[in-house]
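K.L.:
Residue numbers (this note's numbering): 3 to 208.
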């Protein structure tokens, strides 16, 4: 039961990230198009129509992502109906019995090593979760419901990334929410992973 709940929560969060990414992408696309259209005139571009276009793009991107998720859900539901067929279940059971292998002996590692591995994986998971929080935050700043102080803290600058020498646009913000959104999951992941690793212990296969 708990596994099923966690799976559904993970899928729901994945859908939320997909919608946030779609909204962020299309908001930037619509904003670039609106800037290019206004920039072709003699007057300086007006920021109000550009912001409106970005809000429309954000809503459009979220809608596209949601539509894609619904179509994927319907596809999986149809596949689940086929997999629930008695003949399919019998075939899968037979294949599972044929490929089953005997379990090997395991040996416990030391406390410090287990805590170290747990902390390492906790940092990795925390960084991934923090990056997803930052993505959500930046996506919200492009939505029509974003607080003004969040919107004003975001800027897009061209920076040189990697060794290619090409400058790409990068979204930046000095708002403290961004630091907390990324830093807290990393810190909590490191501490929680170390505690979990020291309690459960990492095992080796002989």
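Where a beta carbon is used, it is the ideal one built from N, C-alpha and C, also for glycine.
(1) Is the beta carbon of residue 112 closer than 9 Å to that of residue 186?
(2) Could you name the residues that DSSP lists as bridge partners for residue 160?
(3) Please list the terminal residues of the continuous alpha helix (DSSP H) segment that includes residue 182.
(4) Kindly indicate which three-state DSSP category residue 141 falls into: helix, strand or coil?
(5) Report yes if the CB atom of residue 33 is closer than 9 Å to the CB atom of residue 59, and no otherwise.
(6) In angstroms, rounded to a whole number, what distance separates the CA positions of residue 81 and residue 75?
(7) Is DSSP giving residue 27 helix, strand or coil here?
(8) At what residues does the alpha helix (DSSP H) containing residue 155 begin and finish?
(9) Can you give me the Cβ contacts of residue 101 inside the same chain, cut-off strictly under 8 Å, excluding the 5 residues immediately before and after it?
(10) Between residue 134 and the rest of its own chain, which residues show a CB-CB distance below 8 Å, the 5 nearest in sequence each way excluded?
(11) Check residue 147 in the structure and name its three-state DSSP category.
(12) Skipping 5 residues on each side, what residues in its chain have a beta carbon closer than 8 Å to that of residue 125?
(13) Helix, strand or coil for residue 112 per DSSP?
(14) Taking 8 Å as the cut-off, does the CB of residue 62 come closer than this to any heavy atom belonging to the ligand PLP?
(15) Using the C-alpha atoms, what's the distance from residue 36 back to residue 7?
(16) Where does residue 55 land, buried or exposed, given buried means 16+ other C-beta within 10 angstroms?
(17) Taking C-alpha atoms, which residue in 178, 159, 179, 181 lies nearest to residue 171?
(18) Within 10 angstroms of the Cβ of residue 69, are there 16 or more other Cβ atoms? Answer buried if so, exposed if not.
P.N.:
A quick look at the data gives this:
(1) no
(2) Per DSSP, 171.
(3) 178-202
(4) helix
(5) yes
(6) 10 Å
(7) helix
(8) Unbroken run through residue 155: none, as it is neither H nor E.
(9) At residue 101 the pLDDT is 48, less than 50, meaning the model places this residue with poor confidence and gives no usable figure here.
(10) 15, 19
(11) coil
(12) 188, 191, 192, 195
(13) coil
(14) Among the ligands in the structure shown, none appear at all, so the ligand PLP cannot be discussed.
(15) 43 Å
(16) buried
(17) 159
(18) exposed
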